[in-house]
Amino acid sequence: MKLTLSLAYSQLRINRSRTFWTIAGIVLSTAMITAVSGFVTSADVMFKGLVGGSRYYSSMYNEILFGLGAVIGSIIIAACIIVVSNSFRVSAGERIRQFGILKSVGAEKRQIAQIILFEGLLLAMLAIPAGIVIGIFVNYVGIQIIDNLLAAANRRNTFQINFDFIVAWQAILISIVLSFFTVWLSAWIPALKASGMSAIEAIRGTGEVKIKAKNIRGGRLIGKLFGFEGTLAYKSLKRNSRNFRATAVSLAASITLFIVAGYFGDQYKEVTRLYYPGVENANVVCTFLPPDKSENDRESSENNVQKYSKLSSDIADEITLKFREYPGTTVFGVGDDVLKGGFNSYKTVIPEEVMTNEMLEFFNSNEYFPDKKGYYLPVTLLTTDKENYGKLCKLAGVTPGSNILVNYARIPGGKGEGKSIFEPFLAIPETLSLSNSGDNSIIELPMAGELDIRNVPNEIAATYVGNVTVIVPELNATRYIWFVETRDAEGFSEYANEILHNFINFEGNSEYIEVKNMEDIPFEVRDISRLIMVFIYGFITMLTLIGLTNVISTISTNTRSRVREFAVLQSVGITPEGLKRMLNLESVLCSIKSLCIGVPLGILGSYLLYRAFDLPVKLEYAIPWMPELQCALGVTAITWVIMRHSMSKLERNSIIEMIREV
Amino acid sequence: MSILKVRNLTRIYGKGNTTVTALDGVSFSVDRGEFIAIIGASGSGKSTLMHLMGGVDRPTSGGVEIEGNEIFKLNESELAVFRRRHIGIVYQFYNLIPTLTAEENILLPCLLDNRKPDIKRLKIILETIGLTDRANHLPNELSGGQQQRVALGRALINNPALILADEPTGNLDSKASREIINLLKLSNKAFKQTLIVITHDENIAKQADRVITISDGRIARDEVVLK
Chain H
0 MKLTLSLAYS
10 QLRINRSRTF
20 WTIAGIVLST
30 AMITAVSGFV
40 TSADVMFKGL
50 VGGSRYYSSM
60 YNEILFGLGA
70 VIGSIIIAAC
80 IIVVSNSFRV
90 SAGERIRQFG
100 ILKSVGAEKR
110 QIAQIILFEG
120 LLLAMLAIPA
130 GIVIGIFVNY
140 VGIQIIDNLL
150 AAANRRNTFQ
160 INFDFIVAWQ
170 AILISIVLSF
180 FTVWLSAWIP
190 ALKASGMSAI
200 EAIRGTGEVK
210 IKAKNIRGGR
220 LIGKLFGFEG
230 TLAYKSLKRN
240 SRNFRATAVS
250 LAASITLFIV
260 AGYFGDQYKE
270 VTRLYYPGVE
280 NANVVCTFLP
290 PDKSENDRES
300 SENNVQKYSK
310 LSSDIADEIT
320 LKFREYPGTT
330 VFGVGDDVLK
340 GGFNSYKTVI
350 PEEVMTNEML
360 EFFNSNEYFP
370 DKKGYYLPVT
380 LLTTDKENYG
390 KLCKLAGVTP
400 GSNILVNYAR
410 IPGGKGEGKS
420 IFEPFLAIPE
430 TLSLSNSGDN
440 SIIELPMAGE
450 LDIRNVPNEI
460 AATYVGNVTV
470 IVPELNATRY
480 IWFVETRDAE
490 GFSEYANEIL
500 HNFINFEGNS
510 EYIEVKNMED
520 IPFEVRDISR
530 LIMVFIYGFI
540 TMLTLIGLTN
550 VISTISTNTR
560 SRVREFAVLQ
570 SVGITPEGLK
580 RMLNLESVLC
590 SIKSLCIGVP
600 LGILGSYLLY
610 RAFDLPVKLE
620 YAIPWMPELQ
630 CALGVTAITW
640 VIMRHSMSKL
650 ERNSIIEMIR
660 EV
Chain V
0 MSILKVRNLT
10 RIYGKGNTTV
20 TALDGVSFSV
30 DRGEFIAIIG
40 ASGSGKSTLM
50 HLMGGVDRPT
60 SGGVEIEGNE
70 IFKLNESELA
80 VFRRRHIGIV
90 YQFYNLIPTL
100 TAEENILLPC
110 LLDNRKPDIK
120 RLKIILETIG
130 LTDRANHLPN
140 ELSGGQQQRV
150 ALGRALINNP
160 ALILADEPTG
170 NLDSKASREI
180 INLLKLSNKA
190 FKQTLIVITH
200 DENIAKQADR
210 VITISDGRIA
220 RDEVVLK
């Protein structure tokens, strides 16, 4: 018992670099598990405080919270097992000969398995407490960041949202159990393999690294392209694929996770943009909005004509130009004809032919039936300032002065289900005939082109309320909003107030005008959105860190275990440049291999994610090219750097020292 | 005419108080076609001498001249090229590349030189070392003796001026040892190769033309073997 323990200990001391990376892997994984369970606990307490005893909400948030926790947790555990088992596997292979010698002097299978298990135990004893401390620290810092983000929102809110930093013993216990289980499992697999080998197999070193004399195609092409060193790299990768498998698998796993998480982040952004579009950059928002006059209206019916005072595009454009004169300011003006209470001035009939099956089904299920011509839908007319209208025309490919259909209908659900679908029409009608619900007048509006809502700037998406939206060149707007991004929010606010009062003077009433500094706007969805993005990117960062640890440990172990091979190559006359070329090519080939596995898996994963979420918003599945490109570049760079780094360490040793080392 | 000149070769390992003088001002020269055995106790400096002659290590002082080239005046890349063209090394532990077949291992110095392999020479070598039918096997599919024969083939392929063998039979049984020594002698005779063998084995030493005995990093004896 004691002997196996001291042998395990000496192994850890001798192979310092491997020990370091294994510990790093365990520390990171434990830290992640601790941090995630800490966040879940804090969120749990926060939600409980917020929703109180409501059974409906608590079951809902439980589902979300623990579902998310379980998904993230299992991803972490999977990543963790890969890291730790890889370093154990490689180390077991490295020491097969030593096991053989131990066996030949009479060590039993059980004892060899014990050595590796003790190694695992020692590593766990060192790494798990460190991981828990780091995890708690990450949790603490994360909570501080979240509370900082929430602070601004809380200042203007009637209700307060705070995450408390809670160190829950349950969370720590879970981390200890999970981490220990992972280390144990990772250690057990190679231990089993190593102990099952016969002594002579182990001494000869033929057991673990199986090199196959397979016929290799494609070597000639690589040889032509990269010289003989290329052929060497290619053959070593092909015939010794097992040695490279650990690297390729860990790289591929990181790639897959990165692509899926990246896709999730993009998808989330897109959906929130459609549902709750916000103009992130604008720090001052100026609004022209007629006050609610319903009380006055009852008093005098003559006022009905004046009920909705309007702002013409000409005046709005003049104001826009004045705004732009303020230094360091960009302005986007949007006006529409929406009436108080969100009612639309016009309705139009959309023929059944241009509706998608889902739209029709949705109408039917909401017991909304068409008349002869089609379905009646409210229309929002929308206009922007001249400059931006010009840009939109260019985008839609129409001549200025045209009407552009924002081809993305929002069909609201009835019966208070609150679900609505967003979908483009199959085709755009040539003209829309708009009927005014007030005076029953009819306007024929020719459609020159269309724009997808995803291509429309957020300033428009944010004001978008109608079921059918048309961008028109000019409009007498019932509502006009200027989204302003300025360096000096306070100064501009004063300036804007003055200008607006000069230009807009309906009955001497300034209730129409509002200039808001965005800091004063109440708690909004975008705050939550930001929080979720912080979580997603934090998660991606942590996964990337784990992946990196993994790759560094496998590549450097692989390089170290081939020290002798490199030395022999040098002694038979490979030049230092040739050796570098060979290793560069190996890292490129290894990256390509892992990309070949990781990218399709990532695409599959993101597609499954797309299918799994029953989004009310109809989004076409799009292959996440951006994360893939980032991966390809990142992976190649990382492998290259790591290989070169571990080689540079070797270069310092002379050839004979390398030959003697083994 | 001497093909190898070793001049005042000194190699000191370590720094400060822990220095070890492995080789202490060794000088000798070797003529073309000679078969020399270097003997000595463990730690006497034999292997250090061989690594210096093979250009895989650099001396603290002194020089080695092979076929008129002062090898330590070359930079790393030039030295690597020089090694693959002019020196063949056979190690005690074969040191083959595990991912290359016997044939590819033999051709390695030639391929590294970006030359078209001389198939005729390869065939002769394979026949000589008796591995024609195992040419496409990987090292782990060969016995120790066979692996050492591959290593010898690798040393011979470029027809080097000098073959250095570091305890080539140290890891082999007596039958395989005899085969390897016979092969070395054959290459010495048939290909007119200059041969320097480091050995513990007196029987091998007796077959050489000349025996150099190293002790404490110096040449203790340098005698011609009378046959």
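Chain order of the listed sequences is H and V.
Going by numbering that gives the first Met the number 0, the first sequence opens with residue 0, and the numbers climb by one from there.
Going by numbering that gives the first Met the number 0, the second sequence opens with residue 0, and the numbers climb by one from there.
For glycine and all other residues, C-beta sits at the position ideal for the given N, C-alpha and C.
| Check | Outcome |
| --- | --- |
| Mind pulling the chain V residues with CB within less than 7 Å of H:Arg238? | Thr98 |
| Residues of the segment 61–83 of chain V in Cβ contact with chain H at a cutoff of 7 Å, in chain order, please. | Glu75, Ser76, Ala79, Val80, Arg82 and Arg83 |
| Comparing the C-beta of H:Glu564 with each C-beta of chain V, is any distance below 8 Å? | yes |
| Touching or not, the segment 145–155 of chain V and the segment 165–179 of chain V, by the rule of three or more beta carbon pairs under 8 Å? | yes |
| For H:Asp370, does the count of other Cβ atoms within 10 angstroms reach 16, so buried, or fall short, so exposed? | exposed |
| Please classify V:Ala204: does DSSP put it in a helix, a strand, or coil? | helix |
| How about V:Gly42: is its C-beta nearer than 8 Å to some C-beta of chain H? | no |
| Can you find the residues in the same chain that come closer than 7 Å, C-beta to C-beta, to H:Leu288, ignoring five residues on each side of it along the sequence? | Arg478, Tyr511 and Glu513 |
| According to DSSP, is H:Tyr139 helix, strand or coil? | helix |
| Give every residue of the same chain whose Cβ lies closer than 6 Å to the Cβ of V:Lys45, excluding the five residues on either side of it in the sequence, and list them in chain order. | Ile37, Gly39, Ile197 and Ile213 |
| Along the alpha helix (DSSP H) that carries H:Leu320, what are the first and last residues, could you check? | Ser312 to Glu324 |
| Hey, is H:Asn147 close to the ligand ATP, as in C-beta under 7 Å from one of its heavy atoms? | The model depicted lacks the ligand ATP and carries no ligand whatsoever. |
| Could you check whether the Cβ of V:Val55 sits closer than 8 Å to any Cβ belonging to chain H? | yes |
| Less than 8 Å between the C-beta atoms of H:Asn161 and H:Leu149, yes or no? | yes |
| Is the CB of H:Val567 under 8 Å away from at least one CB in chain V? | yes |
| Mark H:Ser312 as exposed unless 16 or more other C-beta atoms lie within 10 angstroms of its C-beta, in which case mark it buried. | buried |
| Output, in sequence order along the chain, the residues in the segment 568–593 of chain H whose CB is closer than 8 Å to any CB in chain V. | Leu568, Gln569, Ser570, Val571, Gly572, Ile573, Thr574, Pro575, Glu576 and Gly577 |
| Once DSSP output is grouped into helix, strand and coil, what is the label at H:Lys648? | helix |
| For a contact meaning CB atoms closer than 8 Å, what does H:Phe227 contact in chain V? | Leu110, Leu111 and Asn113 |
| Between which two residues does the beta strand (DSSP E) holding V:Arg133 run? | Looking at the DSSP string, V:Arg133 is not in any beta strand (DSSP E), and its letter there is neither H nor E. |
| Determine the closest residue to H:Ile551 out of H:Ser5, H:Ala7, H:Ser9 and H:Ala23, with distance taken between C-alpha atoms. | H:Ala23 |
| If we ignore side chains and look at the alpha-carbon of each, how far apart do V:His85 and V:Pro108 end up? | 10 Å |
| Quick one: any contact between the segment 260–269 of chain H and the segment 599–609 of chain H, if contact means 3 or more CB pairs under 8 Å? | yes |
| Mind checking the segment 146–164 of chain V against chain H and listing, in chain order, the residues whose C-beta falls within less than 9 Å of any C-beta there? | Arg153, Ala154 and Asn157 |
| Consult DSSP for V:Thr20 and reduce its assignment to one of helix, strand or coil. | strand |
| Looking at the unbroken beta strand (DSSP E) that takes in V:Thr193, where does it start and where does it end? | Thr193 to Ile197 |
| Interface residues of chain H around V:Ile88 at Cβ under 8 Å? | Ser570 and Val571 |
| Would H:Gly130 and H:Gly37 qualify as a contact pair, given that the criterion is a beta-carbon distance under 8 Å? | no |
| Could you give the DSSP three-state label for H:Asn457: helix, strand or coil? | helix |
| Are the C-beta atoms of V:Leu130 and some chain H residue less than 8 Å apart? | no |
| Mind checking which residues open and close the alpha helix (DSSP H) that includes H:Glu489? | Ala488 to Phe502 |
| From the DSSP secondary-structure annotation, give me the bridge partner or partners of H:Val483. | H:Val283 and H:Val330 |
| Quick test of your reading: H:Ala488 and H:Val283, contact by CB under 8 Å. State the CB separation rounded to the nearest angstrom. | 5 Å |
| If we define contact as Cβ-Cβ less than 8 Å, is V:Leu121 a contact residue for chain H? | no |
| Pull up the distance between the alpha-carbon of V:Arg153 and that of H:Phe565, whole angstroms please. | 16 Å |
| Compute the Euclidean distance between the alpha carbons of H:Glu497 and H:Leu547, then round it to the nearest angstrom. | 57 Å |
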